[in-house]
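**Student:** Counting in the working numbering, the final residue of the sequence shown is number 476, and the numbers go up one at a time with none missing. Next up is a structure, given as structure tokens.
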Amino acid sequence: MTKDQGIGIAKRKAHSEEHIAHGEWRMAEGVEAGALIRAFPEPPGKVHLLYGSDGVFPLSLTMAAHAIRREVPIAVVDGCNRFDVHLLSRFAREHRLDANAFLRRIFISRGFTCYQMEQAVAYRLPAFLRRIGSNVAMVFGLLDTFYDEQAPLREVRQILGRVQESFAAMKADGVSLLIVCREQRVLPEERNQLFTRLKAGMDRVYRLKSDEVQLVLEGKESSRNGAPSKDKNHAMTQRRKARNEKMIIIDGRGSIPSL
């Protein structure tokens with residue numbers, strides 16, 4: 218790669234990140250990010266995966282902010298330290314909401330090992346959601362701690378299986394779960410199978426492509442053979458209705474209660 222090529226790539230990346238920072242996601246494969254943000258909590262009972270560039274975290278927090286604005290409490294389990302309270306606090310101020318009351322409707326738990334993530338997601342989260350009367354939760358960086366080679370791969374696979382069983386149980390109870398993670402390749406290579414297994418258990422899989430600022434619906438929910446799917450037609454209708462709407466990704470200050 219020449220120096221000029223490297224500069225060009227860096228400029229394109231910076232340009233894409235600027236679009237993401239201002240919430241400007243283009244429609245791709247029938248997916249409009251504004252519709253995704255507004256619709257995630259309803260209908261209840263689903264497990265979705267959002268992965269891709271670092272923009273997945275501000276996008277998911279914007280989804281959370283819109284739900285909280287409708288007085289829907291949300292629980293977040295963070296395994297990669299990407300929870301941004303400043304974004305939520307600024308959202309509240311921009312929408313002239315009481316920031317303290319707004320932040321009291323979102324709850325955060327952090328895990329630093331795969332064992333802590335299992336406890337937080339599979340055991341504490343279901344009971345906590347029932348206690349606060351919520352059916353919406355997000356999990357950031359579920360697999361980040363699973364990639365740690367200090368945890369034996371066989372044991373990590375078993376943990377992931379139990380976590381996925383908990384996803385199914387929460388879904389059956391009417392909980393909407395959003396699993397959020399960066400797209401990455403890890404070493405040793407066999408640990409990448411964990412992400413493949415995670416994707417296979419999702420109802421829908423969305424990928425955020427920062428280079429083209431696109432949100433893409435993957436897998437069985439996508440259209441096939443070039444024929445528009447029901448999801449695509451619905452998303453196009455929603456896009457026409459909200460053509461002039463923009464999502465604002467912002468920062469701010471505040472405090473968050475814990476699970």
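Don't be surprised by glycine CBs; every beta carbon is placed ideally from N, CA and C.
Rounded to whole angstroms, what is the Cα-Cα separation between residue 272 and residue 401?
**Tutor:** Spanning the two alpha carbons is a distance of roughly 14 angstroms.
**Student:** Can you grab the Cα-Cα spacing for the pair residue 319 / residue 294, in whole Å?
**Tutor:** Straight-line Cα distance between these residues: approximately 18 angstroms.
**Student:** Under 8 angstroms, with one C-beta from each stretch per pair, do the stretch 304-317 and the stretch 331-340 reach the 3-pair mark?
**Tutor:** With the cut-off at 8 angstroms, the stretch 304-317 and the stretch 331-340 do not touch.
**Student:** Any idea what DSSP makes of residue 336, helix, strand or coil?
**Tutor:** If DSSP states are grouped into helix, strand and coil, residue 336 belongs with the helices.
**Student:** Does the Cβ of residue 385 have 16 or more other Cβ atoms within 10 Å, making it buried, or fewer, making it exposed?
**Tutor:** By the neighbour-count rule (16 or more Cβ atoms within 10 Å), residue 385 is not buried but exposed.
**Student:** Mind checking whether residue 383 and residue 261 have CB atoms under 9 angstroms apart?
**Tutor:** Their beta carbons are not under 9 angstroms apart, which means residue 383 does not touch residue 261 by this criterion.
**Student:** Please classify residue 280 as buried or exposed, where buried requires at least 16 other C-beta atoms within 10 Å of its C-beta.
**Tutor:** Answer is buried; the Cβ neighbour count reaches 16.
**Student:** Distance check for residue 283 and residue 312, CA to CA, integer angstroms please.
**Tutor:** Spanning the two alpha carbons is a distance of roughly 10 angstroms.
**Student:** Express the C-alpha separation of residue 314 and residue 366 in angstroms, rounding to a whole number.
**Tutor:** Taking the straight line joining both Cα atoms gives about 44 angstroms.
**Student:** Nearest to residue 331 by alpha carbon, out of 361, 324, 397, 419?
**Tutor:** For residue 331, the nearest C-alpha among the options comes from 361.
**Student:** Among the candidates 350, 370, 356, whose CA atom is the shortest distance from the CA of residue 406?
**Tutor:** Nearest C-alpha to residue 406: 370.
**Student:** In three-state terms, what does DSSP make of residue 372?
**Tutor:** Residue 372: helix per DSSP, three-state reduction.
**Student:** Do residue 299 and residue 358 have their C-beta atoms closer together than 9 angstroms?
**Tutor:** Yes, the pair counts as a contact, with Cβ atoms nearer than the cut-off.
**Student:** Less than 9 angstroms separating the beta-carbons of residue 404 and residue 377?
**Tutor:** Taking 9 angstroms as the Cβ cut-off, residue 404 and residue 377 do not qualify as a contacting pair.
**Student:** For residue 292, which option in 347, 364, 399, 375 has the closest C-alpha, if you only look at C-alpha atoms?
**Tutor:** If we check each option's Cα against that of residue 292, 347 comes out closest.
**Student:** The alpha helix (DSSP H) spanning residue 312 covers which residue range?
**Tutor:** Taken as a continuous stretch (DSSP letters only), residue 312 belongs to no alpha helix (DSSP H), as it is neither H nor E.
**Student:** Regarding residue 398 and the ligand MG, is the C-beta to nearest heavy atom distance less than 8 angstroms?
**Tutor:** No copy of the ligand MG appears in this structure; indeed no ligand is present at all.
**Student:** Relative to the alpha-carbon of residue 301, which residue among 290, 286, 323, 287 has its alpha-carbon at the smallest distance?
**Tutor:** It is 323 whose Cα lies nearest to the Cα of residue 301.
**Student:** Based on the DSSP output, what are the partners of residue 355 in its beta bridges?
**Tutor:** For residue 355, which the question treats as bridged, DSSP gives the partners 293, 395.
**Student:** Let's test the definition: count the other Cβ atoms within 10 Å of the Cβ of residue 269 and tell me whether it reaches 16, buried, or not, exposed.
**Tutor:** Looking at its Cβ environment, which holds 16 or more other Cβ atoms inside 10 Å, residue 269 is buried.
**Student:** What three-state label does DSSP hand residue 383 in the structure shown?
**Tutor:** Three-state DSSP puts residue 383 in a helix.
**Student:** Let me make sure I understand the geometry here. Which of 276, 418, 354 has the alpha-carbon closest to that of residue 391?
**Tutor:** For the residues 276, 418, 354, the minimum Cα distance to residue 391 belongs to 354.
**Student:** Count the other CB atoms, across all protein chains shown, that sit within 10 Å of the CB of residue 265; report buried if there are 16 or more and exposed otherwise.
**Tutor:** Residue 265 is buried by the Cβ-count criterion.
**Student:** Kindly indicate which three-state DSSP category residue 278 falls into: helix, strand or coil?
**Tutor:** In the structure shown, residue 278 sits in a helix (DSSP, three-state: H, G or I).
**Student:** Taking residue 398 as the reference, which of 258, 267, 257, 263 has the closest Cα?
**Tutor:** Of the candidates 258, 267, 257, 263, the one whose C-alpha sits nearest the C-alpha of residue 398 is 267.
**Student:** Taking 7 angstroms as the limit between beta carbons, can you name the residues of its chain near residue 422, skipping five residues before and five after?
**Tutor:** Closer than 7 angstroms at the Cβ level, and outside the excluded window around residue 422, lie 266, 416, 435, 436.
**Student:** To the nearest angstrom, how far is it from the Cα of residue 257 to the Cα of residue 372?
**Tutor:** Rounded to the nearest angstrom, the two C-alpha atoms are 32 angstroms apart.
**Student:** Out of curiosity, what's the CA-to-CA distance linking residue 285 and residue 351?
**Tutor:** For residue 285 and residue 351, the distance between alpha carbons rounds to 11 angstroms.
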